[in-house]
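A short worksheet on the structure shown next.
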């Protein structure tokens, strides 16, 4: 928690000393929209308290580049990747912590160009998960694929919607458990002004291979404050810090999580 607080204080101090000339006040809305026509590279650091049977912290840094491509005819392909670097504590007494690359995820959203401001924004496409983990504890050891769908609505101050994915394993290590995994990422963002915004952080997940319903679902409740800056002689940056609580979770899942994110925004 101290690390998150310190990082966010640095972000606020840094943003106060930069030149904020917001030529595009819709930039925050685009940041809240996963299929926006915007090139960005978020670096998302999350720490989970009391993870696993040893109840020790687990950290993950997700590098999540987003690159949209214009396909013509009013359609775009939004390429999104998630490259996780994790530090996992021991699960049994005497087991060492392991740190390394996890399973890389790719999502490709085909999205129509909105015909009017404030209309429904949506997209669909495939999701692939590759068994790239450098240690068995950091990944699932399976090739996975499935559909992804996103829909959201924008107003002057709000962005509200959700991103749904479902993946199944189809190849990989035969000794590892098959994957049948659902996720729902709620998208809720309120723009206080062109610089500050509040948003929900967290992803609802369901493991369909788990037969006990109490162990299947994870339902988090979390919020974050974001600060958008446009420093001189550099790309725009968005800083975000927040905290969340897993209201519903498996018995070995952490209770609390803390998140800090910095997003680099590039001209297209």
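Numbering (the working numbering), first residue to last: 1 to 268.
All C-beta atoms, glycine included, are put in the ideal place defined by N, C-alpha and C.
Other residues of its chain near residue i: CB distance less than 6 Å, five sequence neighbours each side excluded
i           : result
residue 217 : 206 and 248
residue 180 : 168, 208 and 209
residue 305 : Since the displayed the chain opens at 1 and closes at 268, residue 305 lies outside it and no answer follows.
residue 42  : 64, 261 and 263
residue 149 : 124 and 164
residue 191 : 28, 157 and 197
residue 40  : 66, 263 and 265
Among the options, nearest to residue i - alpha-carbon criterion
i           : options               : result
residue 107 : 161, 123 and 224      : 123
residue 118 : 78, 126, 160 and 252  : 160
residue 137 : 150, 97, 215 and 188  : 97
residue 140 : 236, 162 and 104      : 104
residue 31  : 75, 199, 46 and 74    : 199
residue 147 : 154, 131, 165 and 158 : 165
residue 142 : 46, 240, 129 and 135  : 129
residue 202 : 131, 102 and 256      : 256
residue 86  : 46, 239, 227 and 243  : 46
residue 244 : 188, 266, 127 and 221 : 221
residue 114 : 252, 152 and 171      : 152
residue 241 : 229, 224 and 235      : 224
residue 266 : 254, 234, 253 and 250 : 234
residue 38  : 79, 56 and 57         : 79
residue 66  : 102, 81 and 162       : 81
Residues bridged to residue i [DSSP beta-bridge criterion]
i           : result
residue 88  : 98
residue 234 : Looking at the DSSP assignment, residue 234 forms no beta bridge with any residue, so it has no partner.
residue 240 : 226 and 261
residue 108 : 79
residue 64  : Bridge partners of residue 64: none, in fact.
residue 70  : 76
DSSP-derived helix/strand/coil call for residue i
i           : result
residue 103 : coil
residue 29  : helix
residue 4   : A caution first: residue 4 carries a pLDDT of 44, below 50, which makes its placement in the model unreliable, though a value can still be read off. Looking at residue 4 - three-state DSSP - the assignment turns out to be helix.
residue 37  : coil
residue 136 : helix
residue 176 : coil
residue 206 : strand
residue 214 : helix
residue 113 : coil
residue 267 : coil
residue 14  : Confidence in residue 14 is poor, its pLDDT being 46 and thus under 50, which makes the residue's placement too unreliable to answer from.
residue 188 : strand
residue 151 : strand
residue 127 : strand
residue 256 : strand
residue 195 : coil
Local Cβ density within 10 Å of residue i, reported as buried at 16 or more and exposed below that
i           : result
residue 175 : exposed
residue 133 : buried
residue 99  : exposed
residue 111 : buried
residue 35  : buried
residue 88  : buried
residue 93  : exposed
residue 21  : With a pLDDT of 42 at residue 21, under the threshold of 50, the modelled position of this residue cannot be trusted, and the question is left open.
residue 193 : exposed
7 Å Cβ shell around residue i - same chain, five flanking residues per side excluded
i           : result
residue 70  : 76
residue 155 : 118
residue 253 : 218 and 246
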